[in-house]
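If you want our numbering, it's the 1-based position in the sequence shown plus 875.
Just so it is clear, CB atoms sit at the ideal spot from N, CA and C, and this is done for glycine as well.
The structure appears below as structure tokens.
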Amino acid sequence: MSTDPAIDSDLRQRPGLRIPRHLGVIMDGNGRWARARGKPRTEGHIAGVKALRRLVELCIRYGVGHLTVFSFSSENWTRPRDEVNFIFGLLRRFVASDLEKLVRNNVQVRIIGSRQGLDDSLQRLIAEVEAKTRANTGLQLVVAFNYGGKAEITEAVRAIARDVAAGRIAPDAITEATVEQALYTSGIPDPDIIIRTSGERRFSNFLLWQGAYSELIFVEENWPDFDETTFLRVLEEYAGRERRFGGIEAIT
Ligand code: FPP
């Protein structure tokens, strides 16, 4: 059992719940949440950041090991320029305003995705948040930003091809572990659960390799409405699922 004081062991052991080691979330529906309230889409994204803070706190209390959130996909560049700028600004503000709290709560932050298209100041900020939280041993918060699963696998293939061309590895020696080590998520266990909010039922290029055996849980709430009640419903649903990883016996 964990001895981390931030983890509430009574909550963790609540009957009927199973705590995932790694939770992935496709945070969807900010725009619809705002529209339903007659507000601009940007208000939906601001409420989305609040929901993210809530989920980080829940993951700390319940002792989830890794949380990966999809916050900007490589396809999101097709949105209006103003909205793209706004989301980039939110990442900056999230990092700037929450860094101290993340450090205090022993959270380690990793930002995965392509650095291409991110300006120098944002890249410096990402490097800073990663460096300042690297030694933390609690929740690992993985923010998928400018991320696409196909692009990630393509980059990994390129890196491995370079190793082959340089004679560092023979083609027949390439294994699944070789590919895993070349992904952005190297060293992070695969997600046990991938949640998507807002009733949509797609992967949308999120953790394509890593999600091969994840339990997919779709919730109807838009992302800004995701709260502890939704979180507990997800954990209960997960507890009821039988994971076989292609085999025939349940793995607990
Ligand atoms: C999902 O709703 C929105 C996004 C994936 C982008 C913005 C994400 C956040 C504000 C959460 C935290 C972000 C950061 C940077 C820390 P949508 O715009 O796709 O909603 P819609 O499908 O209803 O239009």
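Identity of the residues DSSP links to residue i by a beta bridge
i: V924; result: Beta-bridge pairing links V924 to no other residue.
i: G899; result: T943, I1069
i: S948; result: Y1022
Residue span of the beta strand (DSSP E) that contains residue i, given as start and end
i: F857; result: What is shown of the chain runs 876 to 1127, which leaves residue 857 out entirely.
i: R985; result: 983 to 987
Limits of the alpha helix (DSSP H) - the one that residue i falls within
i: R967; result: 956 to 979
i: D885; result: 884 to 887
i: G891; result: Counting along the chain, G891 falls outside any alpha helix (DSSP H), and DSSP gives it neither H nor E.
i: W908; result: 905 to 911
i: F1106; result: 1103 to 1114
Buried or exposed by the 16-neighbour rule on C-beta atoms within 10 Å, applied to residue i
i: G1121; result: exposed
i: A1087; result: exposed
i: Q991; result: exposed
i: V931; result: buried
i: D1067; result: buried
i: M876; result: Residue confidence is low: M876 scores 44 on pLDDT, short of 50, so the model does not pin down where it sits. No coordinate-derived value is stated.
i: P1064; result: exposed
i: Q1085; result: buried
i: R1037; result: exposed
i: D973; result: buried
i: S884; result: exposed
i: V1032; result: exposed
i: R1076; result: exposed
i: I1123; result: exposed
i: R985; result: buried
i: P880; result: exposed
i: L1071; result: One point to set straight first is that residue 1071 is Arg, not Leu, in the sequence displayed. So R1071 counts as buried.
i: V924; result: buried
i: T1060; result: buried
i: W1098; result: buried
i: W838; result: Residue 838 lies beyond the stretch modelled for the chain, which goes from 876 to 1127, so this question has no answer here.
i: S996; result: exposed
i: L966; result: buried
i: Q888; result: exposed
i: Q983; result: buried
i: P895; result: buried
i: A1010; result: exposed
i: Q938; result: Rather than Gln, the amino acid found at residue 938 in this sequence is Gly. With 16 or more Cβ atoms within 10 Å of its Cβ, G938 is classed as buried.
i: G906; result: buried
i: E1117; result: exposed
i: A926; result: buried
i: E1111; result: exposed
Please list the segments of the alpha helix (DSSP H) lying wholly inside the region 1004 to 1071, counting only runs of 4 or more residues, in order along the chain. Listed in chain order, they are 1024 to 1040, 1051 to 1057.
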